[in-house]
Amino acid sequence: VIDVGSAEVETPEQVAQTIEMASKYVPAEHIIAATNCGMAPMHRDVAEAKLVALGAGAALARGEK
6 VIDVGSAEVE TPEQVAQTIE MASKYVPAEH IIAATNCGMA PMHRDVAEAK
56 LVALGAGAAL ARGEK
C-alpha cells in the first residue's frame with residue numbers, strides 16, 4: 006500500500022483506504038499491509054515517514070484509531 010516509486014508520503018487515511026479497497030476482493034486475514042518493494046534508494050526521512058504512515062493506516066483500517 007506504499008508506493009516506493011514516489012517520494013510523496015502517503016497519509017494514514019490513504020493507506021487505510023487502499024487496505025479497505027483490497028478487502029472488497031480479498032479476505033482481511035489474507036491482507037498484509039506492506040510496501041511494494043524495497044526502500045533502499047529513498048532518502049531515509051522519506052522512507053521512515055512512509056513506514057509511519059503504513060503503520061498508522063493499517064491501525065485505522067483495523068479500527069484501532
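Converting from the sequence shown to this note's numbering requires adding 5 to each position, the first position being numbered 1.
Cβ coordinates follow ideal geometry from the N, Cα and C atoms, glycine included.
Small disclaimer: the values here were computed from a predicted structure and weren't measured.
Note down, in chain order, each residue of its chain lying with its Cβ closer than 6 Å to the Cβ of residue i, except the 5 sequence neighbours on either side.
{"i": "Thr-23", "result": "Val-6"}
Would DSSP call residue i helix, strand or coil?
{"i": "Thr-16", "result": "coil"}
{"i": "Ile-7", "result": "strand"}
Which residue from the options puts its Cα closest to that of residue i?
{"i": "Ala-66", "options": "Gly-10, Glu-13, Glu-15 and Ser-28", "result": "Ser-28"}
{"i": "Cys-42", "options": "Ala-33, Ala-52, Ala-58 and Ala-21", "result": "Ala-52"}
Taking 8 Å as the limit between beta carbons, can you name the residues of its chain near residue i, skipping five residues before and five after?
{"i": "Leu-59", "result": "Val-6, Ile-7, Glu-15, Val-20, Ala-38, Ala-39 and Thr-40"}
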